[in-house]
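To start, the structure itself, in structure tokens.
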Amino acid sequence: MAGHSKWANIQHRKGRQDEKRGKVWTRVIREIMVSARTGGADLGSNPRLRLAIEKAKAANMPADTIKRNIDKATGNLEGVTYEEIRYEGYGIAGAAILVDTMTDNKVRTVAEVRHVFSKYGGNMGAEGSVAFQFKHCGQMIFAPGTNEDQLMEIALESGADDILTGDDGSIEVITSTANFETVKNALQAAGLHPELAEVTMRAENTIELLGDDALRMQKILEALEDLDDVQEVYHNAAL
278 MAGHSKWANI QHRKGRQDEK RGKVWTRVIR EIMVSARTGG ADLGSNPRLR LAIEKAKAAN
338 MPADTIKRNI DKATGNLEGV TYEEIRYEGY GIAGAAILVD TMTDNKVRTV AEVRHVFSKY
398 GGNMGAEGSV AFQFKHCGQM IFAPGTNEDQ LMEIALESGA DDILTGDDGS IEVITSTANF
458 ETVKNALQAA GLHPELAEVT MRAENTIELL GDDALRMQKI LEALEDLDDV QEVYHNAAL
């Protein structure tokens with residue numbers, strides 16, 4: 278099944294994360310704290326916390342830092358309480374944008390997010406204005422050259438919903454949130470390691486932006502990502 282290639286976007290995103298390694302730690306710590314506070318410290322019953330700890334380890338976060346922030350979230354140590362808030366809006370040419378934040382001051386956060394939309398030619402939207410264009414699901418992206426037949430067989434047998442191949446040969450595996458870890462573990466056990474593996478908000482349809490429109494959209498996305506309280510930015514633009 279054909280699918281739009283996400284490879285260039287992933288490489289760009291990884292480069293951005295490498296540039297902002299300190300901020301990656303901040304985001305992961307907040308995710309650990311919120312997932313532990315809402316789902317408890319037991320990894321066996323809290324898949325969201327398991328994924329957060331995987332991200333922390335991938336970012337080379339020390340184990341004692343991980344444990345300390347779980348303890349803060351579950352009340353064993355004093356710490357800051359973060360609130361999860363999602364903002365919705367429109368970028369260039371009506372492209373949809375979701376902005377997930379974790380904040381201890383929502384007045385500050387909404388003002389900063391609104392300022393970015395306004396400054397770079399976008400518009401804040403009301404709750405529900407664009408969220409319907411995204412699906413909450415598991416997503417894995419595999420590099421061009423991955424054995425497609427082997428990947429498809431294992432992914433579908435382990436419960437994947439769909440497999441999409443990009444024009445450049447990259448492969449995208451889509452799962453339900455419930456089956457994400459099962460499918461990922463089955464693929465990794467077979468030696469198939471994704472370049473990106475996450476539970477995400479995936480755009481159901483994309484809007485292709487070229488030239489100046491693509492550059493303007495990239496500025497909005499990068500400015501949003503640079504805000505301290507922003508955890509993730511999702512969009513439906515094909516840049």
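Final position of the sequence shown in my numbering is 516; the numbers increase by one with none missing.
For every residue, glycine included, the Cβ atom is placed at its ideal position computed from N, Cα and C.
With distances taken between CA atoms, Glu472 lies nearest to Ser447 out of Ser447, Arg314, Glu361 and Lys344. It is roughly 22 Å from the alpha-carbon of Met494 to the alpha-carbon of Val301. Leaving aside the five residues that flank Ile306 on each side, the residues in its chain whose CB is nearer than 7 Å to its CB run, in chain order, Asn346. Closest option to Ala455, judged by alpha-carbon separation, among Asp445, Gly436 and Ile440: Gly436.
Distance from the CA atom of Leu328 to the CA atom of Ile418, rounded to whole angstroms, is 16 Å. In the three-state reduction of the DSSP assignment, Asp439 falls in the strand class. For the segment 360 to 388, the full-length beta strand (DSSP E) segments reaching 3 residues or more read 360 to 367 and 373 to 380 along the chain. Nearest neighbour of Thr380 by Cα position, chosen from Val357, Gly366 and Thr351, turns out to be Val357. Secondary structure note for Asn400: its beta strand (DSSP E) is the uninterrupted segment Asn400 to Gly402.
Across the structure, Gly371 and Glu360 are spaced so that their CA atoms are roughly 28 Å apart.
Note that the C-beta distance between Asp438 and Thr423 is not below 7 Å.
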